[in-house]
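Presented below is the structure to which this report refers.
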Amino acid sequence: MEKVLTRNIGIEDSWTLRVYRSRGGYKALEQALDTEPDALIDAVKASGLRGRGGAGFPTGVKWSFMPKQPTPERPNYLICNADESEPGTFKDRLIIEQDPHQLVEGCLVAAWAIRASKVFIYIRGEYVHGARRLEQAVAEAREANLCGRNILGKGFDCDVVVHRGAGAYICGEETALMDSLEGGRGNPRLKPPFPAQAGLYGHPTTINNVETLSCVPLIVERGAEWFASIGTDERNTGPKLYCLSGHVKRPGVYEAPIGIPLLELIEEFGGGMLRDDRPLKAVIPGGSSVPVLTAEECRDLPMDFDSLAKRGTMLGSAGVMVMDSSTDMVQVMERIAHFYAHESCGQCTPCREGTGWLEKIIRRIRSGRGSLDDLATLESAAGHMRGTTICPLADAAAMPCQSFLAKFRHEFEHYIKTGRAAVTAG
Amino acid sequence: MPTFRIDDREITCPDGWTVLQAALAEGIEIPHYCYHPGLPIAGNCRICLVEVEKFPKPAIACNTVATEGMVVHTRSDKVREWREAVMEFLLINHPLDCPICDQAGECKLQEFSYRYGAPTTRFKEEKEHGPKARQLGPHVVFDWERCIKCTRCIRFCEEVSGTGELGMFLRGVREEIGTFPGRPLDNPYSGNVVDLCPVGALTLREFRFRSRVWFLQNVPSVCPGCARGCSIDIGEFRNQVYRITPRENHAVNRWWICDTGRLWGERLSAARGARLDGPRAPGDGGDDPWATALAEAARRLGEASRTGRVAVLASPRASVEETWLLARLAKGVLGGAPVHLARHEHGEDDDLLIRADRAPNARGAQAVLEAVCGTPRSVEDLERSLAAGEIDVLFALGPGLVGPVDDEPPVVAPEAVSRAADVIVVDAFASPLSAAATILLPAAAWGETSGTYVNFAGRVQWAERALVPPVDCRPVSMLLGDLLAHLSLEPSPPSPEAVTERVAAEVPGFENIRWQDLLASDGQNMAGVRAEEHACRATGALVRMLEAERRASPASAGD
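This is the structure:
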C-alpha cells in the first residue's frame, strides 16, 4: 500500500518547511480555510476517522460538540495530545520528529474546523528532540504566515503553543493534561463537565492525538471517501501507524491500512519472530494497558478497533508487543503492575491503593512466597478497580492483570508451587 | 424539581442537586469521605458509589445530578460489593492504630468499616510507611499513614480560608498532604481542617492524646470571642474544657469556627492565675465573706441610690438574662441610675466569621437595656460623669466575664474610675477595673452558667452550662438576684430560664423566644431580623444547593 502518513519520512530534512512544502505541504490548510468549518467537520465524520490515542472515539463527532460561536471572552481551544507515554507506543514520536509540519498543519485545519483561536501541543517532557523539532516547525510556519495572525491572508487568527510536560504518564489523560497545561498538578478532572463544555482554563476544548490530527490534512486533500475506502469497514477506516516491538526481527513503526491482520504485521513488517526456535507466545496489541492475547487468539485477527474489541481486547495506541516462548509472563505482569503503581496520580482510592497492591502481590509471587489464594485476591482486587475511578488508569492496570491471570494462570501457579518461572530463557 | 427513586423511596429535590445531597436531605445514608457540603466536590474517595439504572458504570453519588425518573440503588448487592471493596482499599495501608488514635470514636473509617466493610483483610504485604506527627502549623499535626487523601483540608484552605497553604505532593500511594517551604498552615481558621478530616490524619496539637472523645460531654454553647457568636460544642470532662468544636448552624457560622474560639478553653486554663476568687469588701469578712460582701454592696448601693450619685456599667459580655437582672437593679432599686454599656470593638472584621466587636452579646444587651431602662449611655459619658465627680458608687459588670482580658484596652479609663468612692465590680477575670474595686464579687465565667446571647445579626442562641464554677465564684444572675433580694425587690434569685421568660414578656424582639426552643438548637431570630442573611458566606457544594433551592422556591426569594 502507498504510504501516506509516513510519506515524508526518510527524506532528507523532512522536518523542514521547505521540504514539507515541496511535497505539497500546507495545501490542505489553504484549501480548508476556503471551506466552511462545518463542512470540514462533516468531511471528518464521513471519513470515519476515529481517535488514534487509544479510545477510538469518532473525531468528527467530537469536533461537533464544540460551540459554533466562540467569543473572545470564551474562546475555543484545541489541544494536541503529544504526551505519548503508553508503554510500547512510539508512533507519535516518529511524526513529531520527522514530519512535524504534518502535525502543525493538521492542528491548524482542525482549529479552523472547531473555530479555535489557539492550539496547544502538549508534548511529553522526555521528547526533548521532538519538542525542539516542533518548536522549530511552529516558528517556520509563523514566519511563513501559516500560523499566527491572518493566516495566508484569509482572516483566520490562530497561534500554536508547544508545551513540554514534566514526565507523568497521567498527564496523557486529557483532563490531567489540561491541569498540567494550566500549571497545576496533573490530576484527572471529574466529568461532567466534559472538555467541550469546560476544558482548558474552563473554556470549550477539543483534544486530539498527534496521529489523529496528522490524518486531517489527508482527509482534506484526498477526500473523506478516499480515507473511508481504506480499512476493514466503515467503522474502521484510514491508514494506521503500528508500533511493533518485542521478539520480532525488525521492531519499529509501520504504516498499514487499519485492520491489517496481526500475524501479517509480525511476518511482513516485523520480519517474523526474533528466533526461529521460539514460536509466538503472546501479543499485547495496543499498549500495556490492554488485555493480552495468546498466540492462538492472534490468528486471523484484523488490527482494527472493532475486531480487537470482539476478541476481548483493544486497539488502544497500537503498541504491539510481541512475546515469544521464552517470555516469563509473570515477570511481564510484574513490570506492567509496577508501571501503573508508579504512575497512578493517587487521587482515587481504588487506583491509589489497588495498583500498589497488585504489584506487591505479584512481586511476592515471583519471589516464591505466593499462595494460591493470592490469585483470587488479584482477580478480585483488579475487578474492583474496573470502572470505579475518575479516569481509566485503574482499568489500565486491572485489565492486563485480569487477562494475564485468565490466560497464563499456570505460570503464576508454577511460581507459587515451585518458586520458579515456568519458562527458562535458554 | 426532578422526582426520582432511591431504593424504594420516591424523592423530589431541587434541580441541580446531586443524588448524595438529595439522599442526605431525606435521611438516607450514603457513606462519603471526600464530600463535604461546604467544600467543592472532589469525587476521589469513591465510597459513595451507587448503582444507577441505565448507567454503564458505578456512579459516585456526590457528583451525579439527580434527574427526572432516575432509579438509584444504594443497597443492592453490587453496591454492597463496591463499598466493601473501597473500604478494603482504604484500609490496606491504613495503620489500624485506633487504640492510640485521637479520632477513634468519631472516625468515619471506623464507622463505615463497621457498617460496610469486610470483617477480615486479605492484605498480606508490608504496609506503606510515612511521616508521623508532622507539624503542619502551630495547631495542626499530620499523620501520613492515617491519611486517606480525601483532600478536604486542601480544599478548605483553597475555598474557605482562602489561604492555600496545603497542597498534595508526590503521587500514587506515596502522595502526601503538605505545606510549601516557609509557608506553614497558619491562618485564623486552621483548626477547621482537623474537624474536616474524616480520619485521624489531622489532629489538633492542643487536643492530641488528652482524652478519648467518648469521655467528653459535648455541651451546646455559643462562642464568646466576638459578636459572631458561633455555635459550638464544649467538650467537657471532669469539669475541664478539653476542646471546642463548631456546631453546624447555617444562620451563623455554618461548619466553621476561628482558632481563637477553638482554643478558648486553653485560653481559660492558661489564665487561671487571673481568675478572681473570693469576695472582697472593706472591713472584716467574718465567718461568711460572701454574706458580708453582699450586705455591704447592698448597703452602699442603697445609700447611693438615695443621693442619686450612682452609675451602672453593663457589659456586652454578659448574657441577656444577666443584663436583664442588672437593668432591673438599676431601674427598680437604684432609682433609675444611669446605665452605661461597655464596648469591645477593638478588633477587625474579616470576610468569614471574625467580627471587630469582641463581645458576644452587644445586640442583646442593647435591646434589654433599652426595653427596661432606656437607651444605654456610652462609656465616654460615664468617664465624663466620673471625672466631674458626680458619681460616688460605680456598679459594674466587668469585661472579664468570658475570659482573660490581658490583651485589650481598659474598658473604663482607670483615672476616671479612681474618682468614685466605691467601685463594686462583678467579674470573673482580673482587669484594671477589678483592680480598682472596693467591693469585688467574683462571678462564674462563660461556660459556667447558662444563658442567652444575641449575635450581631440578631440571632438568639442559648449557651448551656458546661462547667461548675470554682468554689468562691457565683453566677452573675445569682449575685444580682441576691442583691435584688437584699434590696427587697425579688423574693429569691431567679433561674436563667425564668429570667428568659421574663425577657420574652418584656423586651421587644424577644416575643417568640423560648429557652426550651433554644436548647441545643441553632437558635432563633429576634423578631424582625433575618440573621441568615448575615451568616458566614456559603462555599463549595452548598453554593450550588442554595441556588437550586432559591430557584425551586421563588416565593421566599423576594422578601
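From first to last, the protein sequence lines are chains A and B. The numbering used here applies: residue 1 is where the first sequence begins, and numbers increase by one. The numbering used here applies: residue 427 is where the second sequence begins, and numbers increase by one. Every residue gets a Cβ at the ideal spot worked out from N, C-alpha and C, and that includes glycine.
9 Å Cβ cutoff met for residue i and residue j
i, j, result
"Lys118 of chain A", "Asn208 of chain A", "no"
"Leu393 of chain A", "Ile79 of chain A", "no"
"Ala544 of chain B", "Glu591 of chain B", "no"
"Asp528 of chain B", "Val667 of chain B", "no"
"Leu827 of chain B", "Ala793 of chain B", "no"
"Leu694 of chain B", "Glu662 of chain B", "no"
"Ser804 of chain B", "His766 of chain B", "yes"
"Asp707 of chain B", "Leu913 of chain B", "First, the amino acid is wrong: residue 707 of chain B is Ala here, not Asp. It is not a contact, given that the beta carbons lie outside the stated cut-off."
"Pro195 of chain A", "Glu174 of chain A", "yes"
"Arg572 of chain B", "Leu465 of chain B", "no"
"Glu747 of chain B", "Val929 of chain B", "yes"
"Arg369 of chain A", "Glu334 of chain A", "no"
"Arg669 of chain B", "Phe633 of chain B", "yes"
"Leu808 of chain B", "Ala856 of chain B", "no"
"Pro650 of chain B", "Tyr879 of chain B", "yes"
"Asp775 of chain B", "Pro614 of chain B", "no"
"Leu280 of chain A", "Ser325 of chain A", "yes"
"Val104 of chain A", "Ala131 of chain A", "no"
"Phe568 of chain B", "Gly604 of chain B", "yes"
Straight-line gap, residue i to residue j (C-alpha atoms, nearest Å)
i, j, result
"Glu584 of chain B", "Val969 of chain B", "15 Å"
"Gly984 of chain B", "Cys474 of chain B", "Only weak support exists for where Gly984 of chain B lies, its pLDDT of 41 falling under 50; the value from the coordinates is given anyway. If you take the alpha carbons of Gly984 of chain B and Cys474 of chain B, they lie about 36 Å apart."
"Ser876 of chain B", "Val831 of chain B", "21 Å"
"Thr16 of chain A", "Val320 of chain A", "30 Å"
"Ala978 of chain B", "Thr493 of chain B", "14 Å"
"Thr205 of chain A", "Phe65 of chain A", "9 Å"
"Arg18 of chain A", "Phe339 of chain A", "41 Å"
"Ala763 of chain B", "Cys439 of chain B", "57 Å"
"Met971 of chain B", "Gly51 of chain A", "37 Å"
"Arg509 of chain B", "Asp99 of chain A", "49 Å"
"Asp503 of chain B", "Pro564 of chain B", "46 Å"
"Val220 of chain A", "Ile151 of chain A", "17 Å"
"Leu905 of chain B", "Leu702 of chain B", "15 Å"
"Ala753 of chain B", "Gly800 of chain B", "10 Å"
"Val391 of chain A", "Ala55 of chain A", "Correcting the residue type first, residue 391 of chain A is Cys in the shown sequence and not Val. Going from the Cα of Cys391 of chain A to the Cα of Ala55 of chain A covers about 12 Å."
"Lys154 of chain A", "Cys147 of chain A", "11 Å"
"Lys483 of chain B", "Ala511 of chain B", "15 Å"
"Ala396 of chain A", "Tyr77 of chain A", "28 Å"
"His772 of chain B", "Ala653 of chain B", "12 Å"
"Ile258 of chain A", "Gly231 of chain A", "5 Å"
"Gly761 of chain B", "Leu795 of chain B", "15 Å"
Cβ-heavy atom distance, residue i to the ligand NAP, below 8 Å
i, result
"Leu280 of chain A", "Within the structure as shown, the ligand NAP is missing, as the structure has no ligands at all."
Proximal residues of chain A, C-beta to C-beta of residue i below 7 Å
i, result
"Lys575 of chain B", "Gly346 and Arg352"
"Arg548 of chain B", "Thr377"
Assumed close pair residue i, residue j - CB separation to whole angstroms, cut-off 8 Å
i, j, result
"Pro463 of chain B", "Gly966 of chain B", "7 Å"
"Arg472 of chain B", "Cys348 of chain A", "6 Å"
"Asp304 of chain A", "Leu315 of chain A", "6 Å"
"Arg900 of chain B", "Ala924 of chain B", "At roughly 17 Å, the Cβ-Cβ gap does not stay under 8 Å, so Arg900 of chain B and Ala924 of chain B are not in contact."
Under 9 Å from the C-beta of residue i: neighbouring residues of chain A
i, result
"Pro463 of chain B", "Ordered by position in chain A, no residue passes the 9 Å Cβ test against Pro463 of chain B, which lies about 16 Å from the chain."
"Val625 of chain B", "The premise fails here: Val625 of chain B is roughly 12 Å from chain A at the closest Cβ pair, so nothing lies under 9 Å."
Neighbour list for residue i in chain B, Cβ cutoff strictly below 7 Å
i, result
"Gly387 of chain A", "Lys483 and Pro484"
"Lys360 of chain A", "Glu551"
Chain-ordered chain B contacts of residue i [CB-CB under 9 Å]
i, result
"His342 of chain A", "Arg597 and Gly598"
Chain B residues whose Cβ lies nearer than 8 Å to that of residue i
i, result
"Thr355 of chain A", "Gly598 and Val599"
"Leu103 of chain A", "Here the premise fails: no neighbours, minimum Cβ distance about 29 Å."
Residue i: contacting residues in chain A (beta-carbon distance under 8 Å)
i, result
"Asn470 of chain B", "Gln347, Cys348, Thr349 and Ile390"
"Phe538 of chain B", "Those within 8 Å of Phe538 of chain B in chain A number zero; the least Cβ separation is about 12 Å."
Worksheet item: Below 8 Å, can you find three or more Cβ-Cβ pairs linking the segment 108-122 of chain A to the segment 69-84 of chain A?
Response: yes
Worksheet item: Hey, is the segment 86-94 of chain A in contact with the segment 282-296 of chain A, meaning 3+ C-beta pairs nearer than 8 Å?
Response: yes
Worksheet item: Does the count of Cβ pairs from the segment 897-912 of chain B and the segment 676-683 of chain B closer than 8 Å reach three?
Response: no
Discussion item. Check whether the segment 943-957 of chain B and the segment 407-421 of chain A touch, using three or more Cβ-Cβ pairs below 8 Å as the test.
Written reply: no
Worksheet item: Counting Cβ pairs closer than 8 Å, one from the segment 885-903 of chain B and one from the segment 832-851 of chain B, do we hit at least three?
Response: no
Worksheet entry | At least three beta-carbon pairs within less than 8 Å, the segment 35-49 of chain A to the segment 235-245 of chain A | yes
Practice prompt. Could you say if the segment 445-453 of chain B and the segment 348-362 of chain A meet the contact criterion of at least three C-beta pairs nearer than 8 Å?
Written response: no
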